[in-house]
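Worksheet: the structure to be examined is printed underneath.
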Amino acid sequence: MSSSDLLDNLISLFKTALDNEKPSECQRICYLIRHWIQEFWMMFRLHHSLTDSLDQFRELIRDQGQESLCSLLETKWINERDWSWKASQKIKANYSKKRKVSLLFDHLEPIELAEHLTYLEFKSFCRISFLDYQNYIRNCCMKDIPVMERSIALCNGISQWVQLMVLSRPTAQLRAEVFTKFIHVAQSLHLMHNYNTLMAVVGGLCHSSISRLKDTTSHVPSEVTKVLNEMTDLLSSCRNYDNYRQAYNKCTGFKIPILGVHLKDLISVNEAMSDYVDDNKVNVQKLQALYSHINDLIQLQQIPPRLDANKDLVHLLTLSLDLYYTEDEIYELSYAREPKNCKAPVSDGTTPSRPPVVVDWASGVAPKPDPRTISKHVQRMVDSVFKNYDHDENGFISQEDFEKIAASFPFSFCVMDKEKEGLVSREEITAYFMRASVICSKLGLGFVHNFQETTYMKPTFCDNCSGFLWGVIKQGYRCKDCGMNCHKLCKDQVAFECKKNAKVPNAIDSPTLSSTPVTTGTSEASVTYTNR
Numbered sequence: 333m334s335s336s337d338l339l340d341n342l343i344s345l346f347k348t349a350l351d352n353e354k355p356s357e358c359q360r361i362c363y364l365i366r367h368w369i370q371e372f373w374m375m376f377r378l379h380h381s382l383t384d385s386l387d388q389f390r391e392l393i394r395d396q397g398q399e400s401l402c403s404l405l406e407t408k409w410i411n412e413r414d415w416s417w418k419a420s421q422k423i424k425a426n427y428s429k430k431r432k433v434s435l436l437f438d439h440l441e442p443i444e445l446a447e448h449l450t451y452l453e454f455k456s457f458c459r460i461s462f463l464d465y466q467n468y469i470r471n472c473c474m475k476d477i478p479v480m481e482r483s484i485a486l487c488n489g490i491s492q493w494v495q496l497m498v499l500s501r502p503t504a505q506l507r508a509e510v511f512t513k514f515i516h517v518a519q520s521l522h523l524m525h526n527y528n529t530l531m532a533v534v535g536g537l538c539h540s541s542i543s544r545l546k547d548t549t550s551h552v553p554s555e556v557t558k559v560l561n562e563m564t565d566l567l568s569s570c571r572n573y574d575n576y577r578q579a580y581n582k583c584t585g586f587k588i589p590i591l592g593v594h595l596k597d598l599i600s601v602n603e604a605m606s607d608y609v610d611d612n613k614v615n616v617q618k619l620q621a622l623y624s625h626i627n628d629l630i631q632l633q634q635i636p637p638r639l640d641a642n643k644d645l646v647h648l649l650t651l652s653l654d655l656y657y658t659e660d661e662i663y664e665l666s667y668a669r670e671p672k673n674c675k676a677p678v679s680d681g682t683t684p685s686r687p688p689v690v691v692d693w694a695s696g697v698a699p700k701p702d703p704r705t706i707s708k709h710v711q712r713m714v715d716s717v718f719k720n721y722d723h724d725e726n727g728f729i730s731q732e733d734f735e736k737i738a739a740s741f742p743f744s745f746c747v748m749d750k751e752k753e754g755l756v757s758r759e760e761i762t763a764y765f766m767r768a769s770v771i772c773s774k775l776g777l778g779f780v781h782n783f784q785e786t787t788y789m790k791p792t793f794c795d796n797c798s799g800f801l802w803g804v805i806k807q808g809y810r811c812k813d814c815g816m817n818c819h820k821l822c823k824d825q826v827a828f829e830c831k832k833n834a835k836v837p838n839a840i841d842s843p844t845l846s847s848t849p850v851t852t853g854t855s856e857a858s859v860t861y862t863n864r
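For what it's worth, the working numbering labels the leading residue of the sequence shown as 333, then goes sequentially.
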């Protein structure tokens, strides 16, 4: 039953009681509506039709000489109440310039990562309103519930980010170190009672694209593997997530639940109990059960975590989690790291971890960042980078600092033109991250190149991979609009936007464009991600 139908039925009952001259019953109905307004005021603020119906109802009561009952149905005070999602404003990032924080993944402590992931998770969790839970129960899906879709996107984004950060390292030893670091992050999340992000991190570490890396696993200490097994047991779906439920119910104070588990509980209650009982009466027990479940989740929004988040690191993580890769692309990178025919190391007898079963609500849903959001996140992140690394305040940071920062992102291989050797400007960094974000987020470039097969009369290099264009004739492709040169295999992977207004010299006389490749990864080896 919708809220409008419920109000109409109550008004109808009031009219019947009025006709039958039952003033006490009329009063009980008005008190019931007042209780409804006080407990679920956000419904009346969201649905103006309810407020309009109440206004008409009050006019009816006045016409019948029942002025004293009108005060019970007052709704003007609702506009003075704060939204439930504004509980997220109770936790704020630190804007103090006195506190410095490293923006380099390798320098961040696990507890720092856990705290900032918890900050993002809590902000997202607090934006889910009572009405959003109601709509989910009614529709049994996330369609037209954007705050829940964003919550899913964050959960999946964290899981993918964990996988890609492990796969971004070129050697098994380095991958094992990142793997171990995320295990320590998971331990911190567990201690903070942030179970939703814990599920995302452990799910990423147990993903088959990671678990198949036998060479990497051989470098992971046995005590770390033991911790992972304990985490997967905690999050196991056995007996309807019994281990998780026991741990969750023992927690007091701040905690973030595995939202998918509790949403499934709501659906189970809704399907198990009928809407009406004998004589077509509303099943009050069902309403109470659903209210109890939802109210428990809403009350958690009023208890913020005790942490000190740094806004610069928040900006960096936000941009990192905007990225999206398909399952095929992640597996492709996994097989590039350790091919199928790679000889597996001798097992040390450690029991492999069992992946937790990710609840249905979060599986297969891709983040949907729009270009405007991506641009905003990139600009904020670049501002944070220059605040922390542009010590001379001349608009440049060192190439070394840039490459370390870029290594914190699982970006595709990109090419950067630099104005000054050894220095990178704000504009260049912004362009780099925008190109990488556009590709990784599957938004598509704003201006498509007009490539045509070309014969070069002078030695020419590919502007995408810096490789030589070999051959006697038709060695590569050239954009008619901006003059970019590239291999046939590279033309669909170009990260540069086409600058159609640029003057294009003749292909025969054109010199090669000077470009410097920028790679993500560590100083030991470069990391190249394949774009599709």
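All residues carry an ideal CB built from backbone N, CA and C; glycine is no exception.
Since the model is a prediction, treat every value here as computed from it, not as a measurement.
Distance, Cα to Cα, residue i vs residue j?
i, j, result
"L452", "L364", "39 Å"
"D715", "Y721", "10 Å"
"V498", "D597", "34 Å"
"D340", "K613", "15 Å"
"M713", "C811", "32 Å"
"V559", "L595", "28 Å"
"E661", "E670", "14 Å"
"S344", "Q631", "34 Å"
"Q505", "H551", "6 Å"
"I626", "Q466", "8 Å"
"D724", "S730", "11 Å"
"A738", "E481", "28 Å"
"S428", "C458", "Model confidence at S428 stands at a pLDDT of 46, short of 50, so the residue's coordinates are unreliable; what they give is reported in the following sentence. Approximately 24 Å, taken between the alpha carbons."
"D384", "E391", "11 Å"
"V717", "F734", "9 Å"
"L619", "W368", "12 Å"
"L342", "R360", "11 Å"
"S461", "L629", "10 Å"
"E371", "D387", "19 Å"
"A349", "Q617", "25 Å"
"R758", "V710", "11 Å"
"F728", "H439", "22 Å"
Please state the DSSP three-state secondary structure of residue i.
i, result
"I866", "The chain is shown from 333 up to 864; residue 866 falls before or after that span and cannot be answered."
"Y657", "coil"
"S381", "helix"
"V552", "coil"
"N613", "According to the sequence displayed, residue 613 carries Lys and not Asn. Strand, per DSSP."
"L755", "strand"
"S606", "coil"
"I515", "helix"
"N526", "strand"
"S730", "strand"
"N642", "strand"
"F457", "helix"
"F800", "strand"
"F462", "helix"
"F793", "strand"
"L350", "helix"
I'd like to know if residue i contacts chain D, where contact means its C-beta is closer than 7 Å to some C-beta of that chain.
i, result
"E399", "Here chain D cannot be found, since the structure has a single protein chain."
Based on the DSSP output, what are the partners of residue i in its beta bridges?
i, result
"Y809", "E785 and C818"
"Y580", "DSSP, once it has assigned bridges, lists no residue as partnering Y580."
For residue i versus residue j, is the C-beta spacing smaller than 7 Å?
i, j, result
"V533", "F511", "no"
"Y667", "P589", "no"
"M794", "C822", "The amino acid at residue 794 is misidentified as Met; the sequence shows Cys. It is a contact, given that the beta carbons lie within the stated cut-off."
"H525", "C583", "yes"
"A508", "T564", "no"
"L382", "F376", "yes"
"Y580", "L567", "no"
"N905", "I469", "Residue 905 is absent from the model: the chain starts at 333 and stops at 864."
"S483", "S456", "yes"
"N782", "C818", "no"
"P442", "S554", "no"
Given the structure, does residue i come close to the ligand GDP, in the sense that its CB is under 6 Å from one of the ligand's heavy atoms?
i, result
"L665", "The ligand GDP is not part of the structure shown, which contains no ligands of any sort."
Flag this pair as touching only if the region 779 to 794 and the region 803 to 818 have three or more C-beta atom pairs under 8 Å; answer yes or no.
Output reads yes: the region 803 to 818 touches the region 779 to 794.
So, do the region 470 to 485 and the region 633 to 640 have three or more beta carbon pairs nearer to each other than 8 Å?
No, the region 470 to 485 does not touch the region 633 to 640.
With three or more beta-carbon pairs closer than 8 Å as the criterion, would you say the region 399 to 406 touches the region 490 to 497?
No: the two stretches stay apart, fewer than three of their Cβ pairs being nearer than 8 Å.
Three or more C-beta pairs closer than 8 Å, one from the region 436 to 455 and one from the region 647 to 660: is that the case here?
Yes, since at least three Cβ pairs between the region 436 to 455 and the region 647 to 660 fall closer than 8 Å, the two stretches touch.
Say whether the region 476 to 494 touches the region 384 to 401, bearing in mind that this needs 3 or more beta-carbon pairs closer than 8 Å, one atom from each stretch.
No, the region 476 to 494 does not touch the region 384 to 401.
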